[in-house]
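Visitor: Got a structure for you, written out below as structure tokens; questions coming shortly.
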Amino acid sequence: GESVGLHLPTLSVQEGDNSIINCAYSNSASDYFIWYKQESGKGPQFIIDIRSNMDKRQGQRVTVLLNKTVKHLSLQIAATQPGDSAVYFCAVIGSNDYKLSFGAGTTVTVRA
Amino acid sequence: DVKVTQSSRYLVKRTGEKVFLECVQDMDHENMFWYRQDPGLGLRLIYFSYDVKMKEKGDIPEGYSVSREKKERFSLILESASTNQTSMYLCASSRTVNEKLFFGSGTQLSVL
Chain H
1 GESVGLHLPT LSVQEGDNSI INCAYSNSAS DYFIWYKQES GKGPQFIIDI
51 RSNMDKRQGQ RVTVLLNKTV KHLSLQIAAT QPGDSAVYFC AVIGSNDYKL
101 SFGAGTTVTV RA
Chain B
1 DVKVTQSSRY LVKRTGEKVF LECVQDMDHE NMFWYRQDPG LGLRLIYFSY
51 DVKMKEKGDI PEGYSVSREK KERFSLILES ASTNQTSMYL CASSRTVNEK
101 LFFGSGTQLS VL
């Protein structure tokens, strides 16, 4: 099965700085990668995704980078704001799969 | 936007009770999922369904069953609730295979 790990369980960042959250996966057949944000008391919310035919994708203030060679995924948040404080999960799925494999989550705390 | 609605936000039950958690999605998604989320353990898949009346076991199905009689509704059943089933339960849906999941807000279940 797929193993998905995050490098750091917590991250403290100064408001206005950039945040980088990392994730590693084990299955080279994985081809779809998703980042979720979960605020306290809420369900995970989709942030951004990337397919394996790409190595970078940008959204509003967020960028996902995919390095298939080393099976590594990262989420970059530009100009981090207090509203970005949450738990961030990466999720991985292979082609023809229904089930996502989730990392354990990184808790991001934004300091004023 | 996709909406996944879970019937209860908080639920308190007694050991041995039969518990029903209901989930409804409004986007005609094929797949529906039940996860539980516990501190330090991340999201763990209990059951999923890829079609009406179809179900498959996830990673931790013991003590649970599911029902999907209509495409939009997926129920999780705890046949005889136990204290170790105290957890946050999250329902999710996806349009088809190899697609991102949309989550509900979760049900915090306490079994006393």
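Taken in sequence, the protein lines are chains H and B. Numbered per my numbering, the first sequence finishes at 112, counting up by one with no gaps. Numbered per my numbering, the second sequence finishes at 112, counting up by one with no gaps. Beta carbons: idealized from backbone N, C-alpha and C, even for Gly. From a predicted model like this one, the values you see are computed outputs, not experimental measurements.
1. In chain H, which residues lie with their C-beta within 7 Å of the C-beta of B:S105?
2. In the DSSP assignment, find the beta strand (DSSP E) that holds B:E72 and state where it starts and stops.
3. Does the pairing of the segment 4-11 of chain H with the segment 90-104 of chain H give three or more beta-carbon distances under 8 Å?
4. Closest Cβ-Cβ distance between H:D17 and chain B: below 8 Å?
5. How big is the Cα-Cα spacing for H:G83 and H:Q60?
6. Does the segment 13-31 of chain H touch the segment 3-19 of chain B, meaning 3 or more C-beta pairs lie closer than 8 Å?
7. Do the segment 95-106 of chain B and the segment 55-68 of chain B meet, that is, are 3 or more Cβ pairs less than 8 Å apart?
8. Given a cut-off of 8 Å, decide if B:S49 and B:M32 are closer than it, judged by their beta-carbon atoms.
9. State yes or no: is the beta carbon of B:N84 nearer than 8 Å to at least one beta carbon in chain C?
10. Determine the direct distance from the alpha carbon of H:Y98 to that of H:Q38, and round the result to whole angstroms.
11. Would you mind reading off the limits of the beta strand (DSSP E) that contains B:M54?
12. Interface residues of chain B around H:S95 at Cβ under 7 Å?
13. Would you mind reading off the limits of the beta strand (DSSP E) that contains H:A24?
14. Taking its Cβ as the centre, do 16 or more other Cβ atoms sit within 10 Å of B:P39, making it buried, or is it exposed?
15. Helix, strand or coil for H:G83, going by three-state DSSP, please let me know.
16. Just list the residues that DSSP pairs B:A92 with in beta bridges.
17. For B:T83, does the count of other Cβ atoms within 10 angstroms reach 16, so buried, or fall short, so exposed?
18. Examine the ligand PLP and report whether any of its heavy atoms sits within less than 7 Å of the Cβ of H:A24.
19. How about the segment 85-92 of chain H and the segment 74-94 of chain B: do they share at least three Cβ pairs that are nearer than 8 Å?
20. So the beta strand (DSSP E) H:Q38 belongs to, where does it begin and stop?
21. Just list the residues that DSSP pairs H:H72 with in beta bridges.
22. If contact means a Cβ-Cβ distance below 7 Å, which residues of the segment 36-56 of chain B contact chain H?
23. How far does the beta strand (DSSP E) with B:S49 in it reach, from first residue to last?
Guide: In brief:
1. Correct list: K42 and G43.
2. Taken as a continuous stretch (DSSP letters only), B:E72 belongs to no beta strand (DSSP E), as it is neither H nor E.
3. Short answer: they touch.
4. For H:D17, no CB of chain B lies under 8 Å from its own CB, so it is not counted at the interface with that chain.
5. H:G83 and H:Q60 have their C-alpha atoms some 14 Å from each other.
6. With the rule of 3 Cβ pairs closer than 8 Å, the segment 3-19 of chain B does not count as touching the segment 13-31 of chain H.
7. The segment 95-106 of chain B makes no contact with the segment 55-68 of chain B; the number of CB pairs closer than 8 Å stays below 3.
8. The Cβ atoms of B:M32 and B:S49 lie closer than 8 Å to each other.
9. No chain C is part of this structure, whose protein chains are labelled H and B.
10. Between H:Q38 and H:Y98, the C-alpha separation is close to 21 Å.
11. Segment M54 to K57, the beta strand (DSSP E) holding B:M54.
12. N98, listed in chain order.
13. S19 to Y25 is the extent of the beta strand (DSSP E) around H:A24.
14. Label assigned to B:P39: exposed.
15. Helix, per DSSP.
16. DSSP lists B:F33 and B:F103 as partners of B:A92.
17. Around the Cβ of B:T83, a 10 Å sphere holds fewer than 16 other Cβ atoms; the residue is exposed.
18. Because no ligand of any kind appears in the structure shown, any question about the ligand PLP cannot be addressed here.
19. Verdict: no, contact absent.
20. Here the beta strand (DSSP E) through H:Q38 covers S30 to Q38.
21. As a beta-bridge residue in DSSP terms, H:H72 pairs with H:A24 and H:N67.
22. Listed in sequence order: G42, L43, L45, F48 and Y50.
23. That run of the beta strand (DSSP E) goes G42 to D51.
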